[in-house]
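Chemist: Everything in the sequence shown is counted per our numbering, starting at 132 for the first residue and increasing by one.
Cβ coordinates follow ideal geometry from the N, Cα and C atoms, glycine included.
What follows is a single structure, and I will ask about it in a moment.
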Amino acid sequence: MSAGWWGVVAVAVLGTALVVYGWAHDRRRVRAALAKAKQPTRSIPGVPDHTVPAYVTEDELTGPAIDPSVTSDESDLIAHRDAAATLPAGAAEGAFLNRADRGLAVLVRPDVLVLDADLVGDREVTALLSLAKTRGRPLVIVAPDFGDRTLGVLRANVRAGTVRTLPIVLADAAARRRAAALTGGRPIDEADLLSGWLPETAWGRCDGWIADLDDSWVLVEGRSTSDGGAVTLD
């Protein structure tokens, strides 16, 4: 082969190598940009940046840190469970049953958020946890479903003692509306959830929420079994 042909081959090989390098470099750049875009932002609507509390992930925990103590309020709620309103929806996982001796999750005077969309985004779950921490009450989240990563973040924050949270899986839309009406809140649609729009009217409350893995019992705020205030959801 003449020297001229060797020159053509060398140029072709060099050109191919440059194209491959450029393609690989561009692919790494795109991947890095996508990974950065998926990271949850700490900017949460309605909460000033300097007041946003930290949250944790399961990877940051070395072991469980749930307070195992049983309070008299929890025992009182369990004692009145049979007279409470009922919902055909239980805790998303056994990890949220803080009264493992009874196979129950028991939250005293929690806030209640009822979502009309699955809770799957890092930013959305971070916003809910941050607002709940600011409000200083346990949090019950009722949603059609929860993403695996979302449940991991909720588990981690329960274990760390950051926010005592109870995710309740309730796919039926009519039942979610009843849950919102029972606790005095309103269902939160997907657009409001994604935007972080959670006005005071969206937050429900109750005296207590008890759940196993199949059902929930709700003690309505300001009512007791003695005054006939319990409500049953058919």
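For the region 284 to 298 and the region 247 to 264, state whether three or more C-beta atom pairs, one from each stretch, are separated by less than 8 Å.
Modeler: Judged by Cβ distances under 8 Å, the region 284 to 298 makes contact with the region 247 to 264, as three or more pairs qualify.
Chemist: Using a beta-carbon distance below 8 Å, is Ile272 in contact with chain C?
Modeler: Chain labels in this structure do not include chain C; a single protein chain is all it has.
Chemist: Considering only their Cβ atoms, is the gap separating Val271 from Ile341 smaller than 8 Å?
Modeler: No, the pair does not count as a contact, with Cβ atoms beyond the cut-off.
Chemist: Out of curiosity, what's the CA-to-CA distance linking Gly225 and Ile209?
Modeler: Those two C-alpha atoms are separated by around 18 Å.
Chemist: According to DSSP, is Asp242 helix, strand or coil?
Modeler: Strand, per DSSP.
Chemist: So, helix, strand or coil for Val284, using DSSP?
Modeler: Note: Val284 maps to helix in three-state DSSP.
Chemist: Reducing DSSP to helix, strand and coil, say where Asp323 ends up.
Modeler: DSSP places Asp323 in helix when its eight states are reduced to three.
Chemist: Does the Cβ of Thr172 have 16 or more other Cβ atoms within 10 Å, making it buried, or fewer, making it exposed?
Modeler: Its pLDDT being 49, under 50, Thr172 is placed unreliably by the model, and nothing is read from it.
Chemist: Cα-Cα, which of Ala223, Asp204, Ala216 and Leu259 is closest to Ser326?
Modeler: Nearest option by C-alpha distance: Leu259.
Chemist: For Leu208, report the span of its alpha helix (DSSP H) as first-last.
Modeler: Per DSSP, Leu208 belongs to the alpha helix (DSSP H) from Ser203 to Ala210.
Chemist: Pull up the CB-CB distance for Arg317 and Ala333, whole angstroms please, since I reckon it's below 8 Å.
Modeler: That belief holds up - the Cβ atoms of Arg317 and Ala333 are roughly 6 Å apart, short of 8 Å.
Chemist: Please list the terminal residues of the continuous beta strand (DSSP E) segment that includes Arg336.
Modeler: Segment Gly335 to Ala342, the beta strand (DSSP E) holding Arg336.
Chemist: For Val294, which beta-bridge partners are listed by DSSP?
Modeler: Answer is none; Val294 lacks a bridge partner.
Chemist: What's the gap between the Cα of Leu228 and the Cα of Ala322?
Modeler: Whole-angstrom Cα-Cα distance: 31 Å.
Chemist: Nearest to Gly380 by CA position, among Val349, Ala306, Pro269 and Asp345, is which residue?
Modeler: Lying before the first or after the last residue shown, residue 380 is absent from the chain, which here runs from 132 to 365.
Chemist: Check the C-beta distance from Leu218 over to Leu350 and give it rounded, since I have them as a contact under 8 Å.
Modeler: Their Cβ separation, rounded to whole angstroms, is 12 Å, which puts Leu218 and Leu350 out of contact at 8 Å.
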